[in-house]
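In the numbering used here, the protein residues as written are 236 to 479. Cβ coordinates follow ideal geometry from the N, Cα and C atoms, glycine included. Fair warning: this is a prediction, and the values are worked out from it, not measured in the lab. Written out below as structure tokens is the structure these notes cover.
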Ligand SMILES: [Zn+2]
């Protein structure tokens with residue numbers, strides 16, 4: 236059954252213990268928003284948390300079924316946007332360490348009062364916020380990075396600093412499965428989203444080119460369908476056309 240605060244999410248296991256979640260609810264984009272879950276031998280890593288507390292709870296409840304309760308928990312936020320962060324507390328309150336780029340952490344820290352959040356205000360025009368957002372609580376991430384960082388969380392997890400869509404974009408690469416969780420640095424089914432706080436397009440393109448050096452089997456974009464690595468090139472082409 237679908238719920239206004241959840242949408243109609245789809246889950247696929249694309250490698251052992253590696254799940255991609257697409258079409259989590261998005262209040263302004265029909266295409267929905269994506270997230271990921273990686274189970275390693277001793278940890279569970281969530282990548283993004285959806286646009287509502289219901290989405291965050293959905294991700295947690297799905298992953299919990301495969302846990303034995305001894306795992307270390309992590310939530311990596313690919314960037315600061317509400318559609319990726321609003322579910323964060325549902326995972327954080329279970330004991331997850333939240334990791335993000337320092338830029339993302341600076342922005343999220345300032346969102347202590349949801350009633351002043353412009354996105355929550357926009358949602359209010361259409362829905363009763365409690366019905367669709369649930370109990371959204373934002374807090375500053377626990378750990379931050381400013382450059383590429385490799386973590387050993389049972390499996391190797393690479394956090395790649397790839398500013399573009401926002402100054403704090405992180406892509407998450409899991410070498411064991413060759414899966415890249417790209418956040419909104421790469422989109423499918425819609426054009427890359429260039430906006431006032433995006434960094435200059437030349438640097439964005441350079442960062443996407445860097446991703447082509449990875450050995451990638453699948454890319455989960457921030458929005459749209461699970462993709463093959465050639466999606467990097469189509470995103471680069473679009474950005475190049477924006478430049479001229
Ligand atoms: Zn997004």
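Beta bridge counterpart(s) of residue i as assigned by DSSP
i           : result
residue 309 : 280 and 332
residue 248 : 254
residue 238 : 242
residue 321 : Note: residue 321 sits in no beta bridge, so no partner.
residue 456 : 418
Residue i classed as buried or exposed, judged by whether at least 16 other C-beta atoms fall within 10 angstroms
i           : result
residue 236 : Caution applies to residue 236, whose pLDDT of 43 falls short of 50 and renders its modelled position unreliable; the value that the coordinates give is listed next. With fewer than 16 other Cβ atoms within 10 Å, it is exposed.
residue 218 : Not covered by the structure: residue 218. The range shown for the chain is 236 to 479.
residue 465 : exposed
residue 390 : buried
residue 254 : buried
residue 416 : buried
residue 381 : exposed
residue 276 : exposed
residue 471 : buried
residue 353 : exposed
residue 359 : exposed
residue 283 : buried
residue 327 : buried
residue 478 : exposed
residue 240 : buried
residue 448 : exposed
CB contact flag (residue i, residue j, <8 Å)
i           : j           : result
residue 313 : residue 432 : no
residue 545 : residue 467 : No information on residue 545 is available, as it lies outside the stretch 236 to 479 that the chain covers here.
residue 427 : residue 473 : yes
residue 261 : residue 316 : no
residue 451 : residue 280 : no
residue 350 : residue 322 : no
Alpha carbon of residue i to alpha carbon of residue j, nearest angstrom
i           : j           : result
residue 423 : residue 307 : 31 Å
residue 293 : residue 245 : 11 Å
residue 242 : residue 410 : 31 Å
residue 259 : residue 309 : 20 Å
residue 356 : residue 342 : 17 Å
residue 386 : residue 269 : 22 Å
residue 238 : residue 414 : 29 Å
Residue i Cβ short of 7 Å to ligand 1 heavy atom set
i           : result
residue 457 : yes
residue 419 : yes
residue 268 : yes
residue 239 : no
Heavy atom of ligand 2 within 7 Å of residue i beta-carbon
i           : result
residue 338 : Ligand 2 is not part of the structure shown, which contains ligand 1 as its ligands.
C-beta neighbour in chain E for residue i, strict 8 Å
i           : result
residue 427 : Protein chains in the displayed structure number just one, and chain E is not present.
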